[in-house]
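One structure below.
Numbering (the working numbering), first residue to last: 4 to 309.
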């Protein structure tokens, strides 16, 4: 980083104090120095820009247990930390649930929420609610509604969540997710429900190729309209705090349980380069966003060096 003295020095120049300083130290003619000021200021700005770019190229210090950032165009891994270590994926699981719902071609179907789905922790669902599949997966992804995820799984499997989990695992295998196993649709903790940062990136890379998925996860907030009860509206705000606050942010999926801690998968696009960053088991709720942003910054800096 550019030394603080250089920055203060530039500020002193801009305020016009340099002439006195230079009269006393370097030259007898302040007029001569003033003629050189534009060049000197430009030099300082260049030094600052170079130092900032160099700082961005330094690998970030990631406190999350596992992390990865990948250029989706080339598949190039730009950074990884314990990327193959098994972790609880928490609600990042819902990326697979959402992808299977989209691929089913049943987004216009009406889903009735079962007592089982409504009884899941952290949900706005009620038994007997009716909602279109498109709206159901939108609510699921934006506010990470666990009951909505269960309702999706039940709807696509005749009410058999175990069968839906089998479908999730088959799709994971097709994506090359060799270190992943799902047992539910929402990511609630289970010893046999696990994944890795590398596998989550593979899932996200496939999901972000789907325009419906991209549209959902890029939505910052929206109203969800239910069919039954008639007139019911749920206002949903995306849990991804980087959306609208990070340059080029496309979207992603958060995750949090006491076992998984903070998790996040996000994609960002700059200068025709799309990167996916994953952090798993971060220390707290906010650090997952800060560290994902740091990973993306580092990744884009790496792409600029090519």
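Even glycine gets a Cβ: it sits at the ideal position worked out from N, Cα and C.
Query	Result
Just confirm the distance between the C-beta atoms of residue 319 and residue 139, as a whole number of angstroms; I'd bet it's less than 8 Å.	Because the chain in this structure spans residues 4 to 309, residue 319 falls outside the shown range and cannot be described.
Per DSSP, residue 267 is paired with what?	257 and 282
Quick check: residue 132 and residue 231, are their CB atoms within less than 8 Å of each other?	yes
Alpha helix (DSSP H) containing residue 81: first to last residue?	From DSSP, residue 81 is part of no alpha helix (DSSP H) but of the beta strand (DSSP E) over 80-84.
For a test of the three-state rule: what should DSSP assign to residue 191, helix, strand or coil?	coil
Could you check if residue 106 is buried or exposed, using at least 16 other CB atoms within 10 Å of its CB as the buried criterion?	exposed
Where does residue 275 land, buried or exposed, given buried means 16+ other C-beta within 10 angstroms?	exposed
Residue 73 lies in the beta strand (DSSP E); which residues open and close that run?	69-74
Which residues does DSSP list as the beta-bridge partners of residue 237?	227
Using CA atoms only, rank isn't needed, just tell me which of 265, 278 and 272 is closest to residue 65.	265
Which residues in the same chain have their Cβ closer than 6 Å to the Cβ of residue 137, if we skip the five residues on either side of it in sequence?	110
Can you check the segment 96-120 for any alpha helix (DSSP H) of at least 4 residues that lies completely inside it and give the ranges in chain order?	97-106
Does the beta-carbon of residue 60 have 16 or more other beta-carbons within 10 angstroms, so that it is buried, or is it exposed?	exposed
Per DSSP, what are the beta-bridge partners of residue 273 in this structure?	276
Between residue 88 and residue 282, what straight-line distance do the alpha-carbon atoms span, to the nearest angstrom?	12 Å
Got a sec? Which residues, its chain only, sit under 6 Å from residue 215 by beta carbon, not counting five neighbours each side?	105
Let me know the secondary structure DSSP gives residue 249 once reduced to three states.	coil
For residue 196 and residue 148, what's the separation of their Cα atoms in angstroms?	18 Å
Any contact between the segment 167-175 and the segment 232-242? By contact I mean 3 or more CB pairs, one from each, below 8 Å.	no
Using CA atoms only, rank isn't needed, just tell me which of 261, 280 and 235 is closest to residue 267.	280
Taking the alpha carbon of residue 84 as the point to measure from, which residue in 62, 178, 114 and 95 has its own alpha carbon closest?	62
Starting from the Cα of residue 251, find the closest Cα among 269, 213, 235 and 257 and give me that residue.	269
Where DSSP assigns a beta bridge to residue 197, which residues make up the other side?	184
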